Amino acid sequence: MSKALSVIAPGHTVTVTSIESSALKPKLMEMGIVKGKEITILFKAPFGDPIAVDVHGYILSLRLDEAALIQVDLIGKEEVFA
Amino acid sequence: MKIALLGNPNTGKSSVFNMLTGLRQHVGNFPGVTVDKRFGTFTVQGEEHTLIDFPGTYSIYPRSKDEKVVYDVLSNPKHPDYPDLVVVVADESNLERNLFLFTQIYDLHFPTILVLNMSDIASGKGLSINVPELEKVFRGSIVIETTAKVGLGRDRLLKAVELISADKNTETFLPLAGLKDPDDLLGQEEEAEQRFGLIRKVIQHVETKGPSSRNREQHRLDKILVHPIFGYLFFAAILLVVFQFIFAFAAIPMDFIDGSFAHLSAWLSSTLPTGLFADLISQGIVPGIGGVVVFVPQIALLFFFISILEESGYLARVVFIMDRLMRPMGLNGKSVVPLLSSVACAIPGVMSTRTIADWKERMITILVAPLMSCSARIPVYTLLISLVIPNETVLGFFNLQGLVLFGLYALGLVSALIIAAILKFIINSKEKGFLLLELPTYKSPRWPNVGLAVWEKVRVFVLDAGKVILSIAIILWALATFGPGEKMLRAAAKAELKAKELHLSADETEGMVASAKLENSYIGMLGKGIEPVIEPLGYDWKIGISLITSFAAREVFVGSLATIYAVHDDGDKNRRLIDRLRLEKRADGTPVYTMASGVSLMIFYVFAMQCMATLAVVKRETKSWKWPLIQIAFMGVLAYLGAMIAFNVLS
Chain S
6 MSKALSVIAP GHTVTVTSIE SSALKPKLME MGIVKGKEIT ILFKAPFGDP
56 IAVDVHGYIL SLRLDEAALI QVDLIGKEEV FA
Chain L
375 MKIALLGNPN TGKSSVFNML TGLRQHVGNF PGVTVDKRFG TFTVQGEEHT
425 LIDFPGTYSI YPRSKDEKVV YDVLSNPKHP DYPDLVVVVA DESNLERNLF
475 LFTQIYDLHF PTILVLNMSD IASGKGLSIN VPELEKVFRG SIVIETTAKV
525 GLGRDRLLKA VELISADKNT ETFLPLAGLK DPDDLLGQEE EAEQRFGLIR
575 KVIQHVETKG PSSRNREQHR LDKILVHPIF GYLFFAAILL VVFQFIFAFA
625 AIPMDFIDGS FAHLSAWLSS TLPTGLFADL ISQGIVPGIG GVVVFVPQIA
675 LLFFFISILE ESGYLARVVF IMDRLMRPMG LNGKSVVPLL SSVACAIPGV
725 MSTRTIADWK ERMITILVAP LMSCSARIPV YTLLISLVIP NETVLGFFNL
775 QGLVLFGLYA LGLVSALIIA AILKFIINSK EKGFLLLELP TYKSPRWPNV
825 GLAVWEKVRV FVLDAGKVIL SIAIILWALA TFGPGEKMLR AAAKAELKAK
875 ELHLSADETE GMVASAKLEN SYIGMLGKGI EPVIEPLGYD WKIGISLITS
925 FAAREVFVGS LATIYAVHDD GDKNRRLIDR LRLEKRADGT PVYTMASGVS
975 LMIFYVFAMQ CMATLAVVKR ETKSWKWPLI QIAFMGVLAY LGAMIAFNVL
1025 S
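Residue numbers (my numbering), protein chains in the order written: chain S, 6 to 87; chain L, 375 to 1025.
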């Protein structure tokens, strides 16, 4: 079941299934968010927006409405702040 | 050879640049755009090379104003900065994303050197890269590892520059990729997909992962620094320290500079043969330059702190925790730094908005930045506060004067936010704002980078603001020195006669003559001309003159009043000026400087866009006169209405 990245809680790891077409899509892809990419949601800013995700080697921050463009599949939960 | 230095943001690209060129670097502009071009030279085996630093990008296709120059240069062999060789700096610990840009450039057939920088961080993360294998994949290029922040790998890099063939490489990584049009988004998406597919295979082939020790510490820091309570507390504490330095400690060198220029002026006017030329130098040019240099300590200190915060990786976290708070106002987490900078001076503040990729959020930030009270307003505030606000304690322990000063700063900040929120609904934009931001790993700042960043900002301020402030100072000097017909001379002669009758000292006579001359000069006429307009605010023509001269820089207000009221400059200028201003009466015998007119003036200075240098920078940054004109208009209306309301309520 594919979900938007914006609704995933911190600590979860997901794979990217698709990105909604928008002016932001090429930018997201260039920053490494491509189909099949594994990303982990790390933490949220106070007020829950923006969020920070680990994109295999670096931390990317995105606003919730940017994260909403990204469809992901849940693959597991990992304790990030253990 | 002409060598281009490219790379993703946060890869230590500027460390590589500094490592190669040392102090042999300069700053210019790329033709046709306002992006700073840092370039420097270095020598290998007797051959001199020019290294050009490009803005950090993730792709050759532009996603913001700054990034456009990369595409413009690389796609156009006729461009004066078109390179013979490209050095791509990559973060070794994050190779996949970094190889994206590298392979794009490789496919443009430039001879390329791939610098795997920050190898220390990579090994901390338990990563190692098989360099010879990577070189086999990218035939024709040279791959080297460096830790540029400590200068490690410099020799390897120089050797690579020596060895690399200057011929075009004929290899391609992604077959048939070609260069897409910047507007061909679909083509770029397709290319990105394919490119990352290939890159991932390369990574599997060359990267070995071991146990990582680094990530945990980093996450622990983030847990505190973006915490809903401690995060903001920490940021507030940082601000407190920064402003303590800017306001309290910067005052020492500023007073020194102020005093030195005043002495220089006095010395010049007593030494140079009297005449127009001597006057121009001692009263126009020298104080004009002084008016620029006096702000250098504050600007240097502010950018010293900002670049430390940036270098350490913390600034990105500030953007992260502030973005949500700024957004309802049409601003961006990235607006925080420009607004903060504007507390020292709006010029570097406006320039630092270039990092805001979204056009609308950037425009709003530029438009409201000058509402933040800058350091040039401080002398005006201080004079007016000691003039009309009683020095007493209120509510137990608050000093009323301090409270008013705080109130003026708060008024500036709050109105900046409110105006931004209003502009959000007025400015139309089809683009949607975005904030895709890398939160870099925390690391200790590299001092040479901090030093160079401070030097850069100060240089730009002195040159940019200096040009405008100095020319306005000279124009104002001319307007104050010349007057229509014989009127000015007659007034001066009359004043001299009167001074003789009153048996005044030479200094006092000189003051009276200067004051009489000013009253009858062109600028005096201007001041009288605008009197009907400013009367509802509680001002007379003498204040009018000072408002006009403030267009050079706001703090000139104080000096102008001193000249008008013939208060001799004796080091403790303000004291005598204040005593004199208190005596000033209107025609009906009531004092000119009351609580009402004083507060009205302060409010005027909070709002009015009186800084021509800022206007010039806004024009340059927005590339049209439309925005600076809008800015001067709305700030003018605010100033006028605000001052009028204050005057009427208080009197």
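All residues carry an ideal CB built from backbone N, CA and C; glycine is no exception. Remember, predicted model here, so these are calculated numbers, not experimental data.
Under 8 Å between C-beta atoms of residue i and residue j
i                : j                   : result
alanine 72/S     : alanine 9/S         : yes
glycine 514/L    : threonine 520/L     : no
isoleucine 695/L : valine 600/L        : yes
aspartate 1030/L : threonine 431/L     : Residue coverage of chain L in this structure runs from 375 to 1025, which leaves residue 1030/L outside it and unanswerable.
isoleucine 952/L : leucine 782/L       : no
leucine 394/L    : phenylalanine 416/L : yes
aspartate 54/S   : arginine 691/L      : no
serine 709/L     : isoleucine 730/L    : yes
alanine 847/L    : alanine 987/L       : no
isoleucine 377/L : valine 505/L        : no
Closest by C-alpha distance to residue i, when choosing among the options
i                   : options                                : result
glycine 386/L       : Lys452/L, Val409/L, Tyr445/L, Val463/L : Val463/L
threonine 486/L     : Phe677/L, Ile518/L, Ile503/L           : Ile518/L
leucine 777/L       : Gly786/L, Met862/L, Ala790/L, Ile759/L : Ile759/L
leucine 791/L       : Arg701/L, Ala652/L, Leu482/L           : Arg701/L
leucine 689/L       : Phe621/L, Leu614/L, Phe623/L, Glu812/L : Glu812/L
leucine 989/L       : Lys902/L, Leu745/L, Asn765/L, Trp821/L : Leu745/L
asparagine 765/L    : Met969/L, Tyr783/L, Ile655/L           : Met969/L
threonine 855/L     : Leu837/L, Ala652/L, His423/L           : Ala652/L
glutamate 470/L     : Gly571/L, Ser726/L, Ser493/L, Arg928/L : Gly571/L
serine 7/S          : Lys40/S, Glu35/S, Ser66/S, Lys32/S     : Lys40/S
phenylalanine 669/L : Ser438/L, Ser644/L, Thr582/L, Asp632/L : Asp632/L
arginine 398/L      : Ile426/L, Lys916/L, Asn382/L, Ser747/L : Ile426/L
leucine 844/L       : Ser634/L, Ile663/L, Ala636/L, Ile503/L : Ile663/L
aspartate 458/L     : Ala534/L, Ser493/L, Ser539/L, Lys442/L : Ser539/L
serine 974/L        : Ala982/L, Phe1021/L, Lys376/L          : Phe1021/L
isoleucine 721/L    : Val1011/L, Asp455/L, Gln984/L          : Gln984/L
lysine 916/L        : Ser889/L, Gly420/L, Glu929/L, Arg928/L : Ser889/L
valine 717/L        : Gln672/L, Ile738/L, Val444/L, Met986/L : Gln672/L
leucine 65/S        : Ser26/S, Ala28/S, Ile38/S, Asp78/S     : Ile38/S
isoleucine 849/L    : Gly658/L, Ile577/L, Pro1002/L          : Gly658/L
alanine 674/L       : Val710/L, Ile603/L, Ser749/L, Ser656/L : Ser749/L
methionine 725/L    : Lys376/L, Asn382/L, Val409/L           : Val409/L
Continuous alpha helix (DSSP H) stretch holding residue i: start and end
i                : result
threonine 645/L  : 625–645
glutamate 684/L  : 670–686
isoleucine 659/L : Unbroken run through isoleucine 659/L: none, as it is neither H nor E.
threonine 395/L  : 387–395
glycine 402/L    : Per DSSP, glycine 402/L belongs to no alpha helix (DSSP H); it is in the beta strand (DSSP E), 399–403.
serine 715/L     : 710–718
leucine 67/S     : Careful: leucine 67/S lies outside any alpha helix (DSSP H), inside the beta strand (DSSP E) at 64–67.
lysine 1000/L    : 1000–1024
threonine 477/L  : 469–480
leucine 813/L    : Element bounds for leucine 813/L: not the alpha helix (DSSP H) but the beta strand (DSSP E), 811–813.
Range covered by the beta strand (DSSP E) that runs through residue i
i               : result
arginine 412/L  : 410–418
aspartate 557/L : Unbroken run through aspartate 557/L: none, as it is neither H nor E.
valine 489/L    : 486–491
alanine 464/L   : 459–465
alanine 378/L   : 376–381
glutamate 422/L : 421–427
alanine 108/S   : A question about residue 108/S goes unanswered here, because the residues of chain S that appear run from 6 up to 87.
lysine 583/L    : 581–583
Check: residue i C-beta below 7 Å from any heavy atom of the ligand HEM
i            : result
valine 615/L : In the structure on display, the ligand HEM does not appear, and there are no ligands present to speak of.
Practice item. Give, in chain order, every residue of the region 57–69 of chain S whose Cβ lies closer than 8 Å to some Cβ of chain L. Key: Only those residues of the region 57–69 of chain S whose C-beta falls short of 8 Å from the nearest C-beta of chain L are listed: Ala57, Val60, His61, Gly62, Tyr63, Ile64, Leu65, Ser66, Leu67, Arg68.
**Study point:** Start-end ranges of the alpha helix (DSSP H) lying completely within the region 883–935 of chain L, minimum 4 residues
**Key:** With a minimum length of 4 residues, the continuous alpha helix (DSSP H) runs that stay inside the region 883–935 of chain L are 896–903, 905–908, 915–923.
Point to revise | alpha helix (DSSP H) segments (min. 4 residues) lying fully within the region 12–59 of chain S | key: Taking only runs of at least 4 residues, the alpha helix (DSSP H) segments lying wholly in the region 12–59 of chain S are 30–35.
Exercise for review: Using a Cβ-Cβ cut-off of less than 7 Å, give me the residues of the region 448–476 of chain L that come near chain S, in sequence order.
Suggested key: Flagged, chain order: Ser467, Asn468, Glu470, Arg471, Phe474.
Exercise for review: Output, in sequence order along the chain, the residues in the region 597–608 of chain L whose CB is closer than 9 Å to any CB in chain S.
Suggested key: Within the region 597–608 of chain L, those residues whose Cβ lies closer than 9 Å to any Cβ of chain S are, in chain order, Lys597, Val600, His601, Pro602, Ile603, Gly605, Tyr606.
Practice item. Could I get the ranges of all uninterrupted alpha helix (DSSP H) runs contained in the region 731–797 of chain L, with 4 residues as the minimum, in chain order? Key: Secondary structure in the region 731–797 of chain L: the alpha helix (DSSP H) runs of 4 residues or longer, each lying completely within the stretch, are 733–742, 752–762 in chain order.
Review point. Enumerated in chain order, which unbroken segments of the alpha helix (DSSP H) with a length of 4 residues or greater are wholly contained in the region 836–865 of chain L?
Key: Those alpha helix (DSSP H) runs which fall completely within the region 836–865 of chain L and span 4+ residues are 840–855.
Exercise for review: Anything in the region 409–442 of chain L with a Cβ closer than 8 Å to a Cβ of chain S? List those residues in chain order, please.
Suggested key: Answer set for the region 409–442 of chain L: Tyr432, Ser433, Tyr435, Arg437.
**Study point:** Contact set between the region 520–540 of chain L and chain S, restricted to residues whose Cβ is under 7 Å from the partner
**Key:** Taking 7 Å as the Cβ-Cβ cut-off against chain S, none of the residues of the region 520–540 of chain L qualify.
Point to revise | Short-range partners of chain S found in the region 696–710 of chain L, where Cβ spacing is below 7 Å | key: Result list: Asp697, Arg698.
Point to revise | Residue ranges of each alpha helix (DSSP H) within the region 947–992 of chain L, 4 or longer | key: Annotation: the region 947–992 of chain L contains the following complete segments of the alpha helix (DSSP H) (minimum length 4 residues), in chain order: 947–957, 969–981.
Practice item. Please name the residues in the region 560–571 of chain L whose beta-carbon is closer than 7 Å to at least one beta-carbon of chain S, in chain order. Key: The residues in question are Gln562, Glu563, Ala566, Glu567, Phe570.
Exercise for review: With a floor of 4 residues, list each alpha helix (DSSP H) that falls wholly inside the region 492–564 of chain L, ordered by position along the chain.
Suggested key: Every unbroken stretch of the alpha helix (DSSP H) spanning 4 or more residues and falling wholly within the region 492–564 of chain L is given here in chain order: 493–498, 505–511, 528–537.
Review point. What residues in the region 682–696 of chain L have a beta carbon less than 7 Å from any beta carbon of chain S?
Key: Correct list: Phe694, Ile695.
Exercise for review: Select from the region 44–56 of chain S all residues with a C-beta closer than 9 Å to any C-beta belonging to chain L, and list them in chain order.
Suggested key: Per Cβ criterion, the list reads Leu47, Phe48, Lys49, Ala50, Pro51, Phe52, Gly53, Asp54, Pro55.
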